[in-house]
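Visitor:
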Amino acid sequence: AQSVTQLDSHVSVSEGTPVLLRCNYSSSYSPSLFWYVQHPNKGLQLLLKYTSAATLVKGINGFEAEFKKSETSFHLTKPSAHMSDAAEYFCVVSRKAAGNKLTFGGGTRVLVKP
Amino acid sequence: KAGVTQTPRYLIKTRGQQVTLSCSPISGHRSVSWYQQTPGQGLQFLFEYFSETQRNKGNFPGRFSGRQFSNSRSEMNVSTLELGDSALYLCASSLGTGGLGANVLTFGAGSRLTVL
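These protein sequence lines map, in sequence, to chains C and Y.
At position 46 of the first sequence (counting the first as 1) the number is 46 in our numbering, and the numbers step up by one without a gap.
For our numbering, add 114 to where a residue sits in the second sequence, where the first one is 1.
1. Consider the Cβ of residue 214 (chain Y): report whether some Cβ of chain C lies at a distance smaller than 8 Å.
2. Along the segment 155-189 of chain Y, where does the CB come closer than 8 Å to a CB of chain C? Name the residues.
3. Between the Cα of residue 6 (chain C) and the Cα atoms of C:80, C:21, C:82 and C:41, which residue gives the shortest distance?
4. Expressed to the nearest angstrom, what Euclidean distance is found between the alpha-carbon atoms of residue 31 (chain C) and residue 95 (chain C)?
5. Is it the case that the segment 165-174 of chain Y contacts the segment 102-114 of chain C, given that we only count it when at least three CB pairs across the two stretches are under 8 Å?
6. Count the other C-beta atoms from every protein chain shown that fall within 10 angstroms of the C-beta of residue 225 (chain Y), then say buried if there are 16 or more, exposed otherwise.
7. By Cβ distance below 7 Å, which residues in the same chain neighbour residue 26 (chain C) in space, the five residues on each side in sequence not counted?
8. Answer with buried or exposed for residue 196 (chain Y), where buried requires no fewer than 16 other C-beta atoms within 10 angstroms of its C-beta.
9. So residue 159 (chain Y) and residue 101 (chain C) are supposed to be a Cβ contact under 8 Å. How far apart are they, rounded?
10. Using 8 Å as the limit for Cβ to Cβ distance, is residue 42 (chain C) near chain Y?
11. On a Cα-Cα basis, can you pick out the residue from C:58, C:34 and C:40 that is closest to residue 86 (chain C)?
12. Just verifying my parser: in three-state terms, what is the DSSP assignment at residue 215 (chain Y)?
13. Report the neighbours of residue 204 (chain Y) on chain C: residues whose CB is nearer than 8 Å to its CB, in chain order.
14. Please list, in chain order, the residues of the segment 87-104 of chain C that have any C-beta partner in chain Y closer than 8 Å.
15. Select from the segment 136-155 of chain Y all residues with a C-beta closer than 8 Å to any C-beta belonging to chain C, and list them in chain order.
16. Considering only the beta carbon of each residue, do residue 144 (chain Y) and residue 209 (chain Y) sit closer than 8 Å?
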């Protein structure tokens, strides 16, 4: 069994300040981990993925995440928030042998203040 | 390169009716997955099809079904609609069906179903 917990349902940051979105996972198997973003009335877009290569993963739009097995965490960060980063972010876990069956966290809604 | 296309984008049905949603994957993608998104339950996996075969299934009642055609297009059907079926239904396509779990899913914009 696997599960994902996003520790904050809402995060508010000022434009130009760092963003931190926290994610903890639980998996009986070596997991694949992803972060997706969803803008209003849009589908989900992949930001980055971890599949047992480098533990620090760089994604699109300046986002990166670090896989910490000892802490079962996969937090997402960005050094400087932009207004366009306002969206909902989902941490996702997948078992390597489970095809494209993804388990989503509850989501973190990010508000960026000017 | 066209993305994942879902039709219809919006629809309203009444309880007891049935609905069919369509998904056209990215050209060359052979795997299609379906997800339900609701405010209460979040994003939940419905099923995945690869080469016209259901490969995975989530924990949904039998009223939810799907199929995939030889051109990889997929449809999902919900029969005997209930109020709780109101949701955004998202379709995603990928080249394959995992293995190393590295497949990238490309999602469509979704079909928003309202059940009255």
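Where a beta carbon is used, it is the ideal one built from N, C-alpha and C, also for glycine.
Guide: Once the coordinates are examined:
1. Residue placement at residue 214 (chain Y) cannot be trusted, given a pLDDT of 49 that sits under 50; the coordinates are not used to answer.
2. 156, 157, 158, 159, 162, 164, 169, 170 and 172
3. C:21
4. 5 Å
5. no
6. buried
7. 2, 3 and 72
8. exposed
9. 5 Å
10. yes
11. C:40
12. Residue placement at residue 215 (chain Y) cannot be trusted, given a pLDDT of 47 that sits under 50; what the coordinates show is reported in the next sentence. Coil at residue 215 (chain Y), not helix or strand.
13. 43 and 44
14. 90, 94, 95, 96, 97, 98, 99, 100, 101, 102, 103 and 104
15. 145, 147 and 149
16. yes
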